[in-house]
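Visitor: Before we start, here is the structure in question, set down as structure tokens.
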Amino acid sequence: MPTRRELLRAACAAGVGVAFPGLLHAGGVAPTPDWERSLIVIELDGGNDGLNTIVPWQDPVYQTKRSSLRIGQVTGLGMATFRTGAATTATGQLGLNLALAPLLDLWSAGEMAVALGLGMAAPNRSHFRGIDIWNTGTSSSATATDGWLQRAVGGAATPGAEFAAHAVLMARASSNPIAGAGVRTLAMQSPERFIADAARLAPLAMPASNAALQHVVRTNNDVVASRQLFEAKVGTPPSFSATFPTGAFGDQCRSVAQMIAAGLKIPIYKLHLSGFDTHSDQADRHAALLTQLGQGIAAIRAALDQSGWWTRTLITTYSEFGRRVEQNGSGGTDHGTAAPHLVFGHAGNINGGLFGVQPGLAYLDGRGDLRETSDYRRLYATAVRFLGYDATAALGATFDRIGEGAGEATPLLKP
Amino acid sequence: MAVSISSLVVRLTGTVASDVTAIEIDGAAVTIDPDRTWNHQVAVPVTGAIRHVAVTAIAPDRTETRLVAVERMPTAPSGIG
Amino acid sequence: MSPTTSAASTAAPGGAAPADDRATPPAEPAVIAPGALVVAAALAAPLALAGCGGGGGGGAPAAQPTPPATTISAITVRVTTSAPAAIRVANVAGDGAGAVRFRLGADRAADPGLHGPEHVYAFTIDVAATDPAEGTAQGWVEVRINADPLPAAVAHVDAVGRIRHLFNRACFGASAQDLARWQDVPYARIVDQLVDGCRTTAVQPPPAWRDEPIPTSAELNAMTTAQRDARDRAKGDRIHAMKAGWLREMAITPSPLTERMTLFWHSHFVTASWDLFEPQPTWRYLALLRAHALGSFAELLHAIAKDPAMCLFLDSASNVKNKPNENFARELLELFTLGEGQDYVENDIVVLARCFTGYGLTSRKIFAFNAAQHDTAAKTLFGLPVDAGGEADGDQALDLILAKDRCARFIVDKLCMEFIGSVPGDASAWAASFKAGGYEIAPLLKTILKSSAFLNAPRGGMHRSPAELHVGLWRAVELEPSEWGGEHWQLSEEDQDLLDPPNVRGWVGGGTWMTSRTLLRRREFLGWKQWDLWNRHNPRLRRILPTLLMAIDPYDTARLDPAAYPHWDRVGGPFRALLVDPAIHLK
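Chains as they are written, first to last, in the numbering used here: chain A, 2 to 416; chain B, 164 to 244; chain C, 19 to 605.
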């Protein structure tokens, strides 16, 4: 497939305007809030085992500690830097668990990036507190009630009558990374269900007094307004030739692709895949989950590419923690710490590849868990910038985007 | 700078009948003085909202509630120059 | 004493309302919009008082009239001005301190400023500033005194409004039984009896598995995978049963205030049942909160610090000498007692964590103090020594926290926000009494609920939580316990998963209950419920539901208009519309 630059050159040579959507876009970093763009965050609920996702399959420590759980079926992704001590590194191979084989096409096209060793200082290994930290974007010793995405996009000017929502959460009751005031968030099983459910509401006049009543009426009218846009744009959803995996996650993926392709211009979508808390019988359960994940992401990419919206979309995974290095006595792994996460985007927006430093398996913390090599908020800073918002305001401090730290040569987000 | 009225407070004084044992104003008990009188202060809302005060006198055989409404009028009452 | 002129000269019949009125309770009160005070109606439509001496209607009483229980004899108007001034109120000069006093009755004829119907007193206020450059100002105040004591029906409405407010804010909503029971009781006494009547145990019996020992790690490892899976499934079932059971307790308890306070403390001393995934400690934790819900906050705090669920949850189980866990210490100060950054420094957290070293759990998850893990080195907290030694270090540290005024204030402010929706100026006085009285919650609650700030809080100014909406509806319509089940799922979708708050800060509440997500879920539930309730064909229910549920008038008046419905639905339609009106979400 020709690169963006080649197409541009060809177009200029031909002296005609080219009608590729997003072709003249500025690259990964958006300078200002771009309501054409969407961020899809995928919560891997339960704590995804990073070591069996991006696999140091040649490492003898890995082979020993994961005596029965080690992954043998991998595709090499290349050489990475491993942290082996406080001041020492080594290089080694990392491979992709072949349950994620559908993602290899994206890898080859330079549309898949892996951010290694994401975690935090003094990590918390509790689901409750762990996902709370990831949702609120704080350090492990602070608490907040608003989500990192609320701080990123809340309060910014919305596109007037075209404004459908700040975020859509694709599961009815899962955790909320955009909690807080000043954002319109919809939760739904599908756009069709939302359109049907919201039909119960009718617009109401705003009361002259009583702030609480005004809040209820405003919320009501917001939903009515959103529903009108949904019905107009995605009432007849676009169809795609891509094949989505069967099951709830695949349905979520299809719904999100439909909403983006329908031009709803909603900046944030959250997908939710649960079951990653593999304390036992991890081998089959993890493989099944990764299969769904890989097929779902590949299908989203194909559908958005077909409809011309892939150039305006970024996908990232996240999870409350990784898992322990050594497997336990039940054929599974227990709560751990740092883990890699996967980022996907159009080749004109991101540089594919391995980013950061892989935690070495011999340089573990006092509990025998991986030591983080990058603060997880660097991933957030990257995502926020893709949408065109100010990451420092969202996170309360400045974090280098992935690939843009000291000594790092290639940014994840193309400028 | 012109002088203005910054606040208004109305104090009601009342007298109770011989059989009354307790007075409650808006549900809160108010002391009955030895001379069988009580008094209660009502802040007059400057916004012109009417402030209702329910005065409930409790006797063994009866309970009576009177309503007092206090209002800062936006315009002069008719009849007053 | 000079009675007001009302009894002698108004058109209404003799002022006294004999107790007979209550003996023959008025027929179903005319539909009066909730919260309205029908003064005009009282005066315009004289009641025919059954049993009042003399025949016919509205005639002069035959026997000597009973003197009114109370009369208003004087009105004082105190004026504050922006600059020193001479004040005249209706031609009567002030006393120089800005107060003018009228004695009613005898003086009335002498006051040219008074006018209008006899029970209306209008005062003009003339202000002449001492400094001529400041000019003059004028103001007017009108005081209208109900000439007759309120007829029972109207007093009833006022009382009903107060009961509804009290039960909406402090319980889950009123039922018809609550109204019938309390409508003739003076408000202050209702509060006293509600608070004094609180329970320390649940109505429902504890589950059979409450004392089942928790397997040790060794015992767990010895189980087969199938056994462990079965155990996990059983644990999940038990946790769901606890959530459903608590919701049911809220609906059937004779003391809903107990459950409101238990829920309040759950949102304060947060643990999360799915995170702990051990039903027995979670059950004990809930029972602990309920036992102390209206007792002593000091005792509750001491007990919570050693509660196994709390220990597990905040990781104090791993609070060991060389690696004290600051998690518990930080949240103890930030979330449980003082508030973030209030009256403590970072080092206090470090010292506090050391005080609690050795706090841990046995392998069966029962609290145990491990002296070997306790940090015995000297500790200074808030500049004071902690030297009780051993397990008592933690208790002494808690007492040092409780000795801070800020701690009482923190709790008082939270309770004010819970019931009033704001923090009134009286809160600092209440906090001082709270602390002086040993942190007893019951007297504090009585004070708050009888306060002018609570009584005058704007009706419909706060948002109903999902529990209050659901339980309020059940209590109002007196559903049989067998008629509902599983609604804790619904509450969870409305962002209130009982026993699992969203994070350690508990539920923020207020406007966060009402979002585009939760509104749709509530609307879906209410839409389904509206047909369910209509089908109960209870005419009394239809009339009384707005009185019980609505803190303010229903808002979507278009849908309440019978004309908006086909002829066969002109009664049912407006009734069902009430249940989905925006006003139902407010209290």
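Heads up, the beta-carbon is just placed ideally off N, CA and C, and yes, glycines get one too.
1) Residues of chain C with CB closer than 8 Å to the CB of valine 173 of chain B, please, in chain order.
2) Taking the straight line between their C-alpha atoms, what separation do you get for histidine 258 of chain C and isoleucine 132 of chain A?
3) Return no unless some Cβ of chain C is closer than 8 Å to the Cβ of histidine 216 of chain A.
4) At a cut-off of 7 Å, is alanine 182 of chain A close to the ligand NAD when judged by its beta-carbon and the heavy atoms of the ligand?
5) With a 10 Å radius around its C-beta and 16 neighbouring C-beta atoms as the bar for buried, classify valine 221 of chain C as buried or exposed.
6) Checking contacts by CB at 8 Å: is aspartate 189 of chain B closer than that to chain C?
7) For leucine 274 of chain A, name the three-state secondary structure that DSSP assigns.
8) Does DSSP put serine 446 of chain C in a helix, in a strand, or in coil?
9) Between which two residues does the beta strand (DSSP E) harbouring glycine 545 of chain C extend?
10) When DSSP builds the beta bridges, which residues end up paired with aspartate 144 of chain C?
11) So, helix, strand or coil for isoleucine 367 of chain C, using DSSP?
12) Just by C-beta distance, which residues in the region 588-603 of chain C are closer than 9 Å to chain A?
13) Say whether chain B places a C-beta atom closer than 8 Å to the C-beta of proline 461 of chain C.
14) For the putative contact between glutamine 328 of chain A and leucine 70 of chain A, defined by C-beta atoms under 8 Å, what is the C-beta separation to the nearest angstrom?
15) Check whether the Cβ of threonine 176 of chain B lies closer than 8 Å to any Cβ atom in chain C.
16) Tell whether a beta-carbon distance below 8 Å holds between glycine 376 of chain C and phenylalanine 387 of chain C.
17) Grouping DSSP H, G and I as helix and E and B as strand, with all else coil, what is tryptophan 531 of chain C?
18) Looking at the secondary structure, which residues open and close the alpha helix (DSSP H) in which tryptophan 201 of chain B lies?
19) Once you ignore the five residues that flank alanine 165 of chain B on each side, which residues in its own chain have a CB closer than 8 Å to its CB?
20) Proline 52 of chain C to histidine 183 of chain C, Cα distance in whole Å?
21) Using only CA atoms, which one of C/Arg162, C/Gly157, C/Cys434 lies nearest to leucine 467 of chain C?
22) If you check the beta carbons only, do glutamate 37 of chain A and lysine 266 of chain A fall under 8 Å apart?
23) Would you mind telling me which residues of chain A sit closer than 7 Å to leucine 537 of chain C, beta carbon to beta carbon, in chain order?
24) Return the first residue and the last residue of the alpha helix (DSSP H) that phenylalanine 282 of chain C is part of.
25) Going by the DSSP bridge assignment, what does aspartate 46 of chain A pair with across the sheet?
26) With a Cβ-Cβ cutoff of 8 Å, do threonine 533 of chain C and threonine 220 of chain A count as a contact?
27) Please decide whether proline 204 of chain C counts as near chain B, where near means a Cβ-Cβ distance under 8 Å.
28) Would valine 145 of chain C count as contacting chain B if we go by Cβ distances under 8 Å?
29) State the CB to CB distance for the pair threonine 184 of chain B and proline 223 of chain B, rounded to an integer number of angstroms; the pair is presumed to be in contact (CB under 8 Å).
30) In whole angstroms, what is the alpha-carbon distance linking aspartate 129 of chain C and valine 159 of chain C?
31) Check whether the Cβ atoms of leucine 422 of chain A and proline 57 of chain A sit closer than 8 Å, and answer yes or no.
32) Using the DSSP secondary-structure output, state which residues sit across from tyrosine 139 of chain C in a beta bridge.
33) Measuring only between beta-carbons, confirm whether threonine 219 of chain B sits less than 8 Å from chain E.
34) For the 8 Å Cβ check, are there 3 or more pairs between the region 375-383 of chain A and the region 397-410 of chain A?
35) Indicate whether glycine 295 of chain A and proline 178 of chain A have their beta-carbon atoms separated by less than 8 Å.
36) Distance check for valine 217 of chain A and proline 600 of chain C, CA to CA, integer angstroms please.
Guide: So, from the listed chains and residues:
1) Start at 1 with the first residue of the second sequence, and residue 173 of chain B comes out as number 10. For the C-beta of valine 173 of chain B, the chain C residues within less than 8 Å are, from N- to C-terminus, Ile93, Thr94, Val95, Arg96, Val159, Val161.
2) Sequence index remark: in the third sequence, residue 258 of chain C carries index 240 (1-based). Sequence index remark: in the first sequence, residue 132 of chain A carries index 131 (1-based). Whole-angstrom Cα-Cα distance: 22 Å.
3) To locate residue 216 of chain A, count along the first sequence from 1; it is residue 215. With 8 Å as the cut-off, histidine 216 of chain A counts as an interface residue toward chain C.
4) Annotation note on the ligand NAD: not contained in the displayed structure, which lists no ligands.
5) One-based indexing of the third sequence puts residue 221 of chain C at position 203. So valine 221 of chain C ends up on the exposed side.
6) Translated into positions along the second sequence, residue 189 of chain B becomes position 26. Residue contact check for aspartate 189 of chain B against chain C: a CB pair falls below 8 Å.
7) Counted from its first residue, the first sequence places residue 274 of chain A at position 273. Look at leucine 274 of chain A here: in three-state DSSP terms it is strand.
8) Residue 446 of chain C sits at position 428 when you count from the first residue of the third sequence. DSSP places serine 446 of chain C in helix when its eight states are reduced to three.
9) Here residue 545 of chain C refers to the residue found at position 527 when the third sequence is read from its first residue. Element bounds for glycine 545 of chain C: not the beta strand (DSSP E) but the alpha helix (DSSP H), 534-552.
10) In the third sequence, the residue the question calls residue 144 of chain C occupies position 126. According to DSSP, which records beta bridges pairwise, aspartate 144 of chain C is partnered with C/Arg106, C/Gln156.
11) If you number the third sequence from 1, residue 367 of chain C lands on position 349. Helix at isoleucine 367 of chain C.
12) Those would be Val598, Pro600, Ala601, His603, in chain order.
13) Within the third sequence, numbered from 1, the residue matching residue 461 of chain C stands at position 443. For proline 461 of chain C, no CB of chain B lies under 8 Å from its own CB, so it is not counted at the interface with that chain.
14) On the first sequence, position 327 is the one that residue 328 of chain A refers to. On the first sequence, position 69 is the one that residue 70 of chain A refers to. Taking a contact as a CB-CB distance under 8 Å, the pair glutamine 328 of chain A and leucine 70 of chain A counts as one, their CB atoms being some 5 Å apart.
15) The sequence position of residue 176 of chain B within the second sequence is 13, counting from 1. True, the Cβ-Cβ gap to chain C drops below 8 Å.
16) Here residue 376 of chain C refers to the residue found at position 358 of the third sequence. Here residue 387 of chain C refers to the residue found at position 369 of the third sequence. Yes.
17) Residue numbering aside, residue 531 of chain C sits at position 513 when the third sequence is read from its first letter. Helix.
18) Along the second sequence, one-based indexing puts residue 201 of chain B at 38. Counting along the chain, tryptophan 201 of chain B falls outside any alpha helix (DSSP H), though it belongs to the beta strand (DSSP E) covering 200-206.
19) Against the second sequence, residue 165 of chain B aligns to sequence position 2. Hits under 8 Å: none found.
20) On the third sequence, position 34 is the one that residue 52 of chain C refers to. On the third sequence, position 165 is the one that residue 183 of chain C refers to. Its pLDDT being 32, under 50, proline 52 of chain C is placed unreliably by the model, and the measurement read from it follows with that caveat. Using only the alpha carbons, I get a separation of about 10 Å.
21) Within the third sequence, numbered from 1, the residue matching residue 467 of chain C stands at position 449. Ranking C/Arg162, C/Gly157, C/Cys434 by Cα distance to leucine 467 of chain C puts C/Cys434 first.
22) Locating residue 37 of chain A in the first sequence gives position 36, counting from the first residue. Locating residue 266 of chain A in the first sequence gives position 265, counting from the first residue. Closer than 8 Å, so yes.
23) Within the third sequence, residue 537 of chain C is the residue found at index 519, counting from 1. At a C-beta separation below 7 Å, leucine 537 of chain C has these neighbours in chain A: Thr220, Asn221, Val224.
24) Here residue 282 of chain C corresponds to residue number 264 of the third sequence, with the count starting at 1. It spans 274-286 - the alpha helix (DSSP H) in which phenylalanine 282 of chain C sits, taken as one unbroken run.
25) Indexing the first sequence from 1 puts residue 46 of chain A at position 45. Aspartate 46 of chain A pairs with A/Ser275.
26) Mapped onto the third sequence, residue 533 of chain C falls at position 515. Mapped onto the first sequence, residue 220 of chain A falls at position 219. Yes, the pair counts as a contact, with Cβ atoms nearer than the cut-off.
27) Locating residue 204 of chain C in the third sequence gives position 186, counting from the first residue. Closer than 8 Å: yes.
28) Taking the first residue of the third sequence as position 1, residue 145 of chain C is located at position 127. Under the 8 Å criterion on CB atoms, valine 145 of chain C is classed as interfacial with respect to chain B.
29) The sequence position of residue 184 of chain B within the second sequence is 21, counting from 1. The sequence position of residue 223 of chain B within the second sequence is 60, counting from 1. About 7 Å separates the CB atoms of threonine 184 of chain B and proline 223 of chain B; that is less than 8 Å, so the two are in contact.
30) Indexing the third sequence from 1 puts residue 129 of chain C at position 111. Indexing the third sequence from 1 puts residue 159 of chain C at position 141. Because the pLDDT of aspartate 129 of chain C is 36, which lies under 50, any placement of that residue in the model is unreliable, and the question is left without a value.
31) Residue coverage of chain A in this structure runs from 2 to 416, which leaves residue 422 of chain A outside it and unanswerable.
32) One-based indexing of the third sequence puts residue 139 of chain C at position 121. Its beta-bridge partners are C/Val161.
33) The structure shown contains no chain E; its protein chains are A, B and C.
34) The region 375-383 of chain A, when compared against the region 397-410 of chain A, does touch it at the 8 Å Cβ threshold.
35) The sequence position of residue 295 of chain A within the first sequence is 294, counting from 1. The sequence position of residue 178 of chain A within the first sequence is 177, counting from 1. Pairing glycine 295 of chain A with proline 178 of chain A gives a Cβ-Cβ distance that is not under 8 Å.
36) Here residue 600 of chain C refers to the residue found at position 582 of the third sequence. Here residue 217 of chain A refers to the residue found at position 216 of the first sequence. C-alpha separation (whole angstroms): 6 Å.
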